[in-house]
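Okay, so here's the structure we're looking at.
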Amino acid sequence: MEPRDPREELSVFLRAMVRADFAWGLCDCALTMADWCRRARGVDPAAPLRGRYRTARGAARAVLRRGGFEAAVCALMDAAGFAPTDAPRPGDVGLVAHPEVGPACAIRCALGWAVKGQAGVALGAFPTRAAWRL
Numbered sequence: 001m002e003p004r005d006p007r008e009e010l011s012v013f014l015r016a017m018v019r020a021d022f023a024w025g026l027c028d029c030a031l032t033m034a035d036w037c038r039r040a041r042g043v044d045p046a047a048p049l050r051g052r053y054r055t056a057r058g059a060a061r062a063v064l065r066r067g068g069f070e071a072a073v074c075a076l077m078d079a080a081g082f083a084p085t086d087a088p089r090p091g092d093v094g095l096v097a098h099p100e101v102g103p104a105c106a107i108r109c110a111l112g113w114a115v116k117g118q119a120g121v122a123l124g125a126f127p128t129r130a131a132w133r134l
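Below, the structure is given as structure tokens:
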């Protein structure tokens, strides 16, 4: 059996990310990023959040209980054993400052950061607030 090509794995995942409908608690920015972590490394940093919310309000409550969005994401990534990086490369994940939605979970690709949102997938050079090596 041939080893998997990480670039092809990322490309396949990103194409599926574009096709998937946004849904709070199933296919939002945080769970999409966590799905990539699970696929690439076999570890789900969002396991404690899965099944805990289905609306924007529910998501807000879930992260507020964990200290806010940025604190929640950083704590979950740390607890799952992902190492921070100051130089994210394609395939890594991060927390970025999206100009319209604010802080968002993202996946690094060749074109910048890919963020799953209600309007689809945004690609760009969004400012990085935190990043983790996969």
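For the sequence shown, full-length UniProt numbering gives the first residue as 1, with consecutive numbering after it.
For each residue, glycine too, the CB sits at the ideal point set by N, CA and C.
Please read all numbers here as calculations on a predicted model, not as lab measurements.
Anticipated Cβ contact below 8 Å, residue 136 with V18, distance rounded: Residue 136 lies beyond the stretch modelled for the chain, which goes from 1 to 134, so this question has no answer here.
Looking at the unbroken alpha helix (DSSP H) that takes in L64, where does it start and where does it end? Locating residue 64 in the sequence shown gives position 64, where the first residue counts as 1. Residues 56-64.
Stretch-stretch touch, CB-based, cutoff 8 Å, three pairs: the segment 121-133 with the segment 94-110: yes
Please confirm whether A104 and C29 have their CB atoms less than 7 Å apart. If you number the sequence shown from 1, residue 104 lands on position 104. If you number the sequence shown from 1, residue 29 lands on position 29. It is a contact, given that the beta carbons lie within the stated cut-off.
Excluding the five sequence neighbours on either side, which residues of its own chain have a C-beta within less than 7 Å of the C-beta of W36, listed in chain order? On the sequence shown, position 36 is the one that residue 36 refers to. The answer, listed in chain order, is F13, V93, I107.
Rounded to the nearest angstrom, what separates A79 and A114 at their Cα positions? Counting from 1 along the sequence shown, the entry for residue 79 is found at position 79. Counting from 1 along the sequence shown, the entry for residue 114 is found at position 114. Going from the Cα of A79 to the Cα of A114 covers about 23 Å.
Let me check one thing: in DSSP terms, what residues is V96 bridge-paired to? Counted from its first residue, the sequence shown places residue 96 at position 96. DSSP lists A104, T128 as partners of V96.
Return yes when the Cβ of A59 is within less than 7 Å of the Cβ of R66, no when it is not. By 1-based counting over the sequence shown, the position of residue 66 is 66. By 1-based counting over the sequence shown, the position of residue 59 is 59. Not in contact: R66 and A59 (Cβ atoms no closer than 7 Å).
Which same chain residues, not among the five before or five after R52, have their C-beta less than 6 Å away from its C-beta? Here residue 52 refers to the residue found at position 52 when the sequence shown is read from its first residue. Result list for R52: A62, in chain order.
Buried versus exposed, by CB contacts within 10 Å (16 or more), A83: Here residue 83 corresponds to residue number 83 of the sequence shown, with the count starting at 1. So A83 ends up on the exposed side.
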